[in-house]
Structure formats: C-alpha cells, structure tokens
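First comes the structure, then the notes that go with it.
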Amino acid sequence: MKILERISSIAGNTFALWVILFAIISFLFPGGFTWIAPHVNILLGIIMFGMGLTLTSKDFKDVLKAPKNVFITVLAQYIIMPLIAYGLAVAFQLPPEVAVGVILVGCSPGGTASNVITYLAKGNTALSVSATTVSTLLAPVLTPALTLLLANQWMPVSFRDMFIQIVQVVLIPIILGFVIRLLFSKQVEKSISVLPLVSVIGIVAVATAVVSVNKDAVATSGLLIFGVVVLHNLLGLLLGFAVARLFKLSFPDQKAVSIEVGMQNSGLASTLALTFFSTTPIAAVPSVIFSIWHNISGPILATFWSKYDEKKKK
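Converting from the sequence shown to this note's numbering requires adding 16 to each position, the first position being numbered 1.
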C-alpha cells in the first residue's frame, strides 16, 4: 500500500508532465486511444466519486464559517471566467466549435487541482476547498445555463440534456462518495492517499481521447487555441485576485480566490464537449489544452507566492 501511495504522490506532483506526454503520444499514434472517447462519462464519474470521498462534514461547516468569502469566490468563478471566454471568442473571431469549447471551459466549476495549488501558495486552503465544493454542486444548473446564454449564438445548446448529464456524471458520484465516506470513514481514510493516482489516470485518459479524435484539428488550430487558453487562464487569475482585493479579503484569501477562479474543471468541459458536440469534437480541445496549461501556470504562481511569503517573514 505504501508503494501505491508513493506512486500516487509522484503522479499528483507531476500531473502536467503526464498529460503533456500522453497528449503527444496520442497525437502521434491516435489509433491507440480513440477507443477511450465513448467512455469519458464513466471516467469523469470516477473522478467525481473520488472527490466525494475526500469531502467531510467539516468542509460544509467551513462554508458556514465564512459564507461571504465563499460566496464572493463562487460568484467570481461563474462571472469572470464565462465572460472572459465569451470576450475571447468574439475578439479572436473563433470558429463556432472552438468558441463553444472555450466557453464550456469558462462555464465549468473550479477544479480540485486548485485546492492543492492554493495549499502550495500558502493561501486559504479551507476557502479553496469550500468554493470548489459549492461551485461543483451548483454546476448542474449554472454550467448549462451560462453555456446556453453565451454559446447558443454559435451552436445550439440544450439546457435540459446538459443538466441531466452533469447530474449523472458529477452530482450523483460526488454524493455517493460523500455518503460512503460517512458510512465507512475508517476504510476510506486508508485509501484517500491513492485517489490522486486515480484522478491523474482519469484526466490523462480523457485528454488522450480528445487529442486522438482531433489530430488534424489540433495540427491546424492548436496554436490559436493555446494562445486563447493561456489568456483565459491568466486573465482569470488576475481578475480573481483583483476582485478579492476589491472586497478587502486577507492576502491568503486573495490567493485562494485568484487560483480558484483561474483553474477550471477541464475534465468536465471535455466530457460535455464530446457528449453534446460530438459532430465537431474539436470543441473538446480547448479544455484539454487548459488542463495542461493551468497545471503549469498554477505551480509557477504557487512557487512565486510561497517565496514571496518567506521574504516577507525575513
């Protein structure tokens, strides 16, 4: 078990490298990975089930302890990132399928990776976990509603179908994981340290599936999408930090809000894109590139803020 825990820890710490490596492999040898595409719903459900296993009643109590800060973070999450995505789609006159993909990323809830990055940045980890939990629980309503509002001009969006899909692959697995944690806490505690490995395998598998079925599109539009994704992420981090400063939150809270806003659940965006825009699977490419990029920019920002705190103490 200790060996598995060690492998899980290494996988979690080198997550971006594995995504990049397997994205390249699936680009060069797409035939070996296209079979994964029909199973992305199951993969995301497993990842969300793992998230549910990590939740405790304390996480929900933390929301009640600082409801204002959690509200600000979640509100910023669902306003800043969708609007940036829409603005970039219009400004760069993106093709419809790419525009929808970028907007899907922007309308997704915060990703669990933000909790780790906030911890490394010496931010308020409890706020980050609470905000991720709340934004994820709100996703079945807000993600399809915002996507319908902002992306419908490019491609038709079904609120009802997307709502049902998110309930099935996000909400139900999380609730199941949380209930199992309550009923079998001792047994679950022993396996918690292995969950990062499960998440990494799941997200890497989704990424390879998306790249393999979009090889030609990635080759022709990859650079444009990468530029848009980098801007989306960096502007999200910057504006999230600005909003937290505007509301005069503490510096650890400002870091948590910035990271929470800038880092998205790109796995969910990939799954939704493949499910609802399967005729134009390139819609899933922005979420894969976002997954790679925010796991590069996040650790860089965390290192900077961590060292900044150390210098202030001196």
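For every residue, glycine included, the Cβ atom is placed at its ideal position computed from N, Cα and C.
Member of the options whose CA lies at the smallest distance from the CA of residue i
i	options	result
Pro172	Arg22, Leu187, Val222, Phe292	Phe292
Thr319	Ser207, Val132, Phe200	Val132
Leu290	Val114, Val79, Val90	Val114
Ser51	Ala167, Gly243, Val226	Ser is not the amino acid found at residue 51; the sequence shown has Trp there. Of the listed residues, the one whose Cα sits closest to Trp51 is Val226.
Val244	Leu104, Val185, Ala53, Val229	Leu104
Leu80	Ala129, Gly127, Leu143, Pro54	Leu143
Straight-line gap, residue i to residue j (C-alpha atoms, nearest Å)
i	j	result
Ile100	Phe45	34 Å
Val220	Phe38	7 Å
Arg176	Cys123	16 Å
Ser207	Thr70	10 Å
Asn249	Thr148	17 Å
Leu165	Phe108	19 Å
Lys74	Pro112	43 Å
Leu239	Val35	17 Å
Leu199	Gly193	10 Å
Ile40	Lys264	43 Å
Lys84	Gln169	34 Å
Thr236	Lys77	48 Å
Val259	Ile275	12 Å
Lys271	Thr128	15 Å
Thr72	Asp232	44 Å
Phe43	Ser215	22 Å
Val183	Arg261	34 Å
Bridge partners - residue i, DSSP secondary structure assignment
i	result
Thr280	Reading off the sequence shown, one finds Gln at residue 280, where the question assumed Thr. Answer is Gly126.
Segment limits, alpha helix (DSSP H) that includes residue i
i	result
Lys202	201-207
Ile62	56-70
Met171	Met171 -> no alpha helix (DSSP H), and no H or E assigned at all.
Ser146	141-167
Thr89	83-107
Distance between beta carbons of residue j and residue i, contact taken as under 8 Å
i	j	result
Pro268	Asn140	4 Å
Ser151	Gln93	5 Å
Gly61	Pro160	About 17 Å; that fails the 8 Å criterion.
Ser322	Ala137	6 Å
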